[in-house]
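Peer 1:
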Amino acid sequence: MGQESPLLLINGYGATKTDWDPRFLAALTMSFEAICPDSRGIGASELGTGPLTIGGLASDLEELLDALEIDRAPRCPVPQPFEFRAESARCRRADRESECFP
9 MGQESPLLLI NGYGATKTDW DPRFLAALTM SFEAICPDSR GIGASELGTG
59 PLTIGGLASD LEELLDALEI DRAPRCPVPQ PFEFRAESAR CRRADRESEC
109 FP
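Following my numbering from start to finish, the sequence shown increments by one per residue and tops out at 110.
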């Protein structure tokens with residue numbers, strides 16, 4: 009998308025990357041490289057073989073950043089239940105992400 013710093017967009021439960029408003033994405037990509045993955049088992053993403061857990065979803069995002077060789081990226085989640093936010097914070101390296109919209 010954009011040529012600037014990466015920004016990790018986190019979908020809500022059951023939402024796909026296509027649910028983000030195109031106007032919102034266009035505005036973001038003026039300043040960021042927007043990364044909007046589908047969560048495991050949703051949209052274009054495969055379910056995989058392991059159990060579907062909040063910790064697994066958070067780990068998937070960590071693995072995505074590793075695969076893209078991104079050391080640090082702010083994340084822009086839609087409102088998430090506390091459990092996901094806590095698990096996401098536990099799984100990632102402390103220096104890797106900052107939440108842009110708490």
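Every residue, glycine too, gets a C-beta built ideally from N, C-alpha and C.
Are the Cβ atoms of A81 and P14 separated by less than 7 Å?
Peer 2: Residue mapping note: residue 81 aligns to position 73 of the sequence shown, counting from 1. Residue mapping note: residue 14 aligns to position 6 of the sequence shown, counting from 1. Yes, these two residues count as a Cβ contact at 7 Å.
Peer 1: Looking at the structure shown, is P45 part of a helix, part of a strand, or coil, going by DSSP?
Peer 2: Locating residue 45 in the sequence shown gives position 37, counting from the first residue. For P45, the secondary structure class from DSSP, reduced to helix, strand or coil, is coil.
Peer 1: For the stretch 29–42 against the stretch 59–73, are there 3 or more C-beta pairs whose distance is under 8 Å?
Peer 2: no
Peer 1: Could you say which of S47, T24, L72, D79 lies nearest to I62 if we only look at CA atoms?
Peer 2: As a first step, residue 62 must be located in the sequence shown, where it is residue number 54. Closest option to I62, Cα to Cα, is S47.
Peer 1: When you compare the CB positions of L55 and G49, do they come within less than 7 Å of one another, or not?
Peer 2: Translated into positions along the sequence shown, residue 55 becomes position 47. Translated into positions along the sequence shown, residue 49 becomes position 41. In contact: L55 and G49 (Cβ atoms closer than 7 Å).
Peer 1: Taking the alpha-carbon of E77 as reference, which of A35, A52, I43 has the nearest alpha-carbon?
Peer 2: What you label residue 77 is simply residue 69 of the sequence shown in a count that begins at 1. Of A35, A52, I43, the residue nearest in Cα terms is I43.
Peer 1: In this structure, what does DSSP give as the bridge partners for F40?
Peer 2: Along the sequence shown, one-based indexing puts residue 40 at 32. Beta-bridge pairing links F40 to S13.
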